[in-house]
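Take a look at the structure set out below.
In the working numbering, the protein residues as written are 107 to 462.
Structure (structure tokens):
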């Protein structure tokens, strides 16, 4: 009888919970103001009804009498909040965004489907193509330089020097400063300090301005990558290093033949992080130069966005130009580029790990 009662209870909870959630979603999507009496109160508390329905449904799911699948149900209950949040904040916006890129979406609604019109307009814009090119150049430079700087700092911070803990904290500190604040701080340095003592501002010329963005980004992100390399280097077994020393290996031989191969997985992680982070660079770019910079002739056009990288270009297209559908098309392309390059990078790095 106990098993039968449990089955009845679980079925009832599942049905009631599902009805509550469907009702709450119906009220949320319809948002009719013609409801009166009890229905008006239900519309007001639709959020509470949704939460109660979800709790009842999960409780009923937990009580389903199944010895074989009960553990899986428990795992699902624990993973459900994370999966639900990921689905709502990532999967649904991604699907909707892809759909909006084929419409005349205004940020609020769309009236018609325009097909590939936004994508054709995007690829015919020299300013956008320029943003893509300088973004790739920025990523290439930063993936190399940040990993090099981070690794060298990690080597320094794993030696037996006094005050190593202080140096680790000092190198990591810039990463704690927000990109917007960091950009304005360095803007003051370039436009005032350097101008006063060197009579030269790096932000006055497009080429030098891009170099300034790279310097600031390395200064901000190098300490974070350093900590990851420090973790990898400290995990190398001491007896391996001792054996290399006994065999007469020099410091450089130990570095290239022992340390680097043994932290191959750490190199993969750091390369992936710097690659994705550099592609998504936005805040420092906006605060430091706001994308300004003159390019005299690119594809037959004069450009005034000489330092505007891809993320900032998408933002300005949506906010400044109020072209949300076009910005969404650019964002879809941005997602595809980032996903493809990241997958290729991880696969290449993993194959190198096996070789090492």
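Yeah, the Cβ is synthetic: ideal placement off N, Cα and C, and Gly gets one too.
Residue i vs residue j beta-carbon contact at 7 angstroms
{"i": "residue 212", "j": "residue 219", "result": "no"}
{"i": "residue 257", "j": "residue 327", "result": "no"}
{"i": "residue 423", "j": "residue 432", "result": "yes"}
{"i": "residue 420", "j": "residue 435", "result": "no"}
{"i": "residue 235", "j": "residue 393", "result": "no"}
{"i": "residue 158", "j": "residue 167", "result": "no"}
{"i": "residue 331", "j": "residue 376", "result": "yes"}
{"i": "residue 448", "j": "residue 382", "result": "yes"}
{"i": "residue 163", "j": "residue 120", "result": "yes"}
{"i": "residue 456", "j": "residue 418", "result": "no"}
{"i": "residue 385", "j": "residue 317", "result": "no"}
{"i": "residue 307", "j": "residue 294", "result": "no"}
{"i": "residue 130", "j": "residue 152", "result": "yes"}
{"i": "residue 315", "j": "residue 395", "result": "yes"}
{"i": "residue 380", "j": "residue 249", "result": "yes"}
{"i": "residue 263", "j": "residue 272", "result": "no"}
{"i": "residue 350", "j": "residue 340", "result": "no"}
{"i": "residue 412", "j": "residue 312", "result": "yes"}
Limits of the unbroken beta strand (DSSP E) element including residue i
{"i": "residue 407", "result": "407-409"}
Chain C within 7 angstroms of residue i, Cβ atoms only
{"i": "residue 404", "result": "Absent from the structure is chain C; it holds one protein chain and no more."}
Residue interval of the alpha helix (DSSP H) (run including residue i)
{"i": "residue 396", "result": "No alpha helix (DSSP H) holds residue 396; DSSP gives it neither H nor E."}
{"i": "residue 412", "result": "Per DSSP, residue 412 belongs to no alpha helix (DSSP H) and is neither H nor E."}
{"i": "residue 326", "result": "312-340"}
{"i": "residue 159", "result": "152-168"}
{"i": "residue 383", "result": "370-385"}
{"i": "residue 351", "result": "344-352"}
{"i": "residue 360", "result": "357-360"}
Beta-bridge partners of residue i, as assigned by DSSP
{"i": "residue 270", "result": "Per DSSP, none; premise fails for residue 270."}
{"i": "residue 404", "result": "407"}
{"i": "residue 219", "result": "209"}
Any non-hydrogen atom of the ligand ADP closer than 6 angstroms to residue i Cβ
{"i": "residue 132", "result": "Here there are no bound small molecules, and the ligand ADP is not part of this structure."}
Supposed close pair residue i, residue j - CB separation, criterion 8 angstroms
{"i": "residue 400", "j": "residue 410", "result": "6 angstroms"}
{"i": "residue 277", "j": "residue 338", "result": "With 8 angstroms as the limit, residue 277 and residue 338 do not qualify as a contact, their Cβ atoms being about 16 angstroms apart."}
{"i": "residue 284", "j": "residue 389", "result": "7 angstroms"}
{"i": "residue 322", "j": "residue 289", "result": "7 angstroms"}
{"i": "residue 57", "j": "residue 156", "result": "Because residue 57 is not part of the residues shown, which for the chain are 107 to 462, the question remains open."}
Q) Taking the runs of the beta strand (DSSP E) that are 3 residues or longer, which of them lie wholly in the region 254-306? A) Not a single unbroken stretch of the beta strand (DSSP E) spanning 3 or more residues falls wholly within the region 254-306.
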